[in-house]
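Worksheet: one structure, shown below.
Protein chains in written order, with this note's numbering: chain A, 44 to 156; chain B, 3 to 115.
Structure, rendered in structure tokens:
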């Protein structure tokens with residue numbers, strides 16, 4: 044196993060609500076990246092956190108936000124949920140100084156109704 | 003056109019067969035390359051990094067052709083347990099000194115008894 048953990052494993056929310064997903068990175072890794080994976084698609088990069096700051100962002104609106112804590116764990120927050128936000132949310136940990144392999148947690152499956 | 007393209011398959015092959023997957027990428031600034039394996043409703047797991055010199059890990063061989071912007075994965079002596087989706091991943095410069103993973107949509111492999 045990778046040592047990357049995520050919680051919760053499943054979540055059901057209604058449109059317009061807000062959600063917080065959590066991730067603990069692998070020991071020795073200082074960078075956390077978040078991805079959204081819709082059914083039948085590859086994961087899409089949301090953003091990356093390093094040294095408690097956002098360190099790169101994909102094409103996601105500002106209602107997707109995050110945090111990283113001093114122990115390198117991270118949160119993904121999504122406000123004003125939309126039906127299309129239903130997906131598997133993955134976090135991955137890595138080291139900013141390389142090698143650049145990323146190791147994924149088991150994901151949180153979010154369903155928005 | 004997607005930045006990382008893969009044939010979605012499915013590839014249905016008999017046990018013991020050799021199967022090859024290809025992947026092309028469009029951004030020549032891409033730095034590093036990987037193959038991940040993803041089982042149904044699970045997280046992606048790193049299968050192998052891909053180097054210009056080619057690399058092999060047991061029954062798996064990966065090749066990178068930077069001139070043609072092409073990555074391949076060869077699986078020899080396929081096992082039933084190889085059935086999964088294989089994701090091609092490119093790591094490239096994003097902005098503000100960061101790199102990000104770009105995933106293909108994945109190629110589905112089913113190994114038949």
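For glycine and all other residues, C-beta sits at the position ideal for the given N, C-alpha and C.
Buried/exposed call for residue 60 of chain B, threshold 16 Cβ in 10 Å
Taking the second chain and counting its residues from 1, one reaches residue 60 of chain B at position 58. Burial call: exposed.
Residue 104 of chain B to residue 91 of chain B span [Cα, whole Å]:
Position 102 of the second chain, counting from 1, holds the residue named residue 104 of chain B. Position 89 of the second chain, counting from 1, holds the residue named residue 91 of chain B. Distance between the alpha carbons of residue 104 of chain B and residue 91 of chain B is about 6 Å.
Interface partners of residue 146 of chain A on chain B, CB under 8 Å
Position 103 of the first chain, counted from the first residue, corresponds to residue 146 of chain A. Near residue 146 of chain A (Cβ distances below 8 Å), the residues of chain B are 48.
Host beta strand (DSSP E) of residue 72 of chain B (start-end)
By one-based count along the second chain, residue 72 of chain B stands at place 70. Its beta strand (DSSP E) spans residues 72-77.
In or out: residue 86 of chain B buried (at least 16 other Cβ within 10 Å) or exposed?
Here residue 86 of chain B refers to the residue found at position 84 of the second chain. That one is buried.
Neighbour list for residue 89 of chain B in chain A, Cβ cutoff strictly below 9 Å
On the second chain, residue 89 of chain B is found 87 positions in, with the first residue counted as 1. Those within 9 Å of residue 89 of chain B in chain A are 85 and 86.
Assuming residue 109 of chain A and residue 124 of chain A are in contact, meaning their beta carbons sit under 8 Å apart, how far apart are those beta carbons, in whole angstroms?
Position 66 of the first chain, counted from the first residue, corresponds to residue 109 of chain A. Position 81 of the first chain, counted from the first residue, corresponds to residue 124 of chain A. Actually they are not in contact, since the Cβ atoms of residue 109 of chain A and residue 124 of chain A sit about 16 Å apart, beyond 8 Å.
So, for residue 20 of chain B: in the same chain, excluding its five sequence neighbours on each side, which residues have a beta-carbon less than 6 Å away from its beta-carbon?
Within the second chain, the letter at position 18 stands for residue 20 of chain B. These residues qualify, in order along the chain: 78.
Below 9 Å on C-beta distance, what does residue 107 of chain B contact in chain A?
Here residue 107 of chain B is taken as the residue at index 105 of the second chain, counted from 1. Simply 83, 84 and 85.
Residues in its own chain within less than 7 Å of residue 68 of chain B by CB, not counting five upstream and five downstream?
Residue 68 of chain B sits at position 66 when you count from the first residue of the second chain. The residues are 54.
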